[in-house]
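Engineer: Have a look at the structure that comes next, please.
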């Protein structure tokens, strides 16, 4: 099956700094989704991307669907303590009627005061 | 309030026992999914259902079973055949016509 490489695995940043993380794949995806997960909770959908080259923002978060359709990026500007958590990318490749997401292994973000 | 509920939040079982995890949604979503999450890893698909009375195996279905008798409910049974059942289990649902999956709060299952 498809595999997603998400990097970095973890990040330690100072409050107020900008953050960037990405996912890459050897396969082409039709959709990219970005989620945030707090400890012991379910992931929350942050941004959905449907077109190659698409750039979408949600508050301080901006995500891009790579032109090659094999990668996606998430940027967080002016980080705050509540940004702490694990960020997951997920890609979708249509296969017949199935719409199965493939998840990256996550980026653990720590924001230092 | 509309949403996805999973119960219980924490579940403890002895090895060799079957256990059923509940997932209910009142979002009128057609598709529902079960994922397993292990520490430091991404989510892996166990089973999914796109319509009532129909479901498909995901990547790690062995040792699990599901049913979809109602649109709003998709219970997962972890059987004694599952070799390593201790994990965080997440249920998700998706409305027709989109790719966006929405997750419940999860159930942490511990088998000793």
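Residue numbers (this note's numbering), protein chains in the order written: chain A, 14 to 126; chain B, 70 to 181.
No residue lacks a Cβ here, since even glycine has one placed at the ideal position from N, Cα and C.
Specify the secondary structure class of residue 95 of chain A as computed by DSSP and reduced to three states.
Structural biologist: helix
Engineer: Just the Cα atoms here: how many angstroms apart are residue 60 of chain B and residue 154 of chain B?
Structural biologist: The structure shown does not extend to residue 60 of chain B, since chain B is modelled only from 70 through 181, so no value can be given for it.
Engineer: Closer than 8 Å, Cβ to any Cβ of chain A: which residues of the segment 170-181 of chain B, in chain order?
Structural biologist: 170, 171, 172, 173, 174, 175 and 177
Engineer: With 8 Å set as the bound, which would you pick, yes or no: does the beta-carbon of residue 42 of chain A sit closer than that to a beta-carbon of chain B?
Structural biologist: no
Engineer: Step through the CB atoms of chain B and report whether any lies within less than 8 Å of the CB of residue 39 of chain A.
Structural biologist: no
Engineer: Within 10 angstroms of its Cβ, does residue 102 of chain B collect 16 or more other Cβ (buried), or is it exposed?
Structural biologist: buried
Engineer: So, under 8 Å CB-CB, residue 133 of chain B and residue 121 of chain B are touching, yes? Tell me the CB distance rounded to an integer number of Å.
Structural biologist: Not quite, the Cβ-Cβ distance comes to about 19 Å (not below 8 Å), so this is no contact.
Engineer: Pop quiz: residue 22 of chain A and residue 121 of chain A are said to be a contact at Cβ under 8 Å. What is the actual Cβ separation, rounded to whole angstroms?
Structural biologist: 7 Å
Engineer: Are the C-beta of residue 114 of chain B and some C-beta of chain A separated by less than 8 Å?
Structural biologist: yes
Engineer: Looking at residue 127 of chain A: is its Cβ nearer than 8 Å to the Cβ of residue 59 of chain A?
Structural biologist: In the structure as shown, chain A begins at 14 and stops at 126. Residue 127 of chain A is therefore absent and cannot be evaluated.
Engineer: For chain A, check one thing: does any of its Cβ atoms lie closer than 8 Å to the Cβ of residue 96 of chain B?
Structural biologist: no
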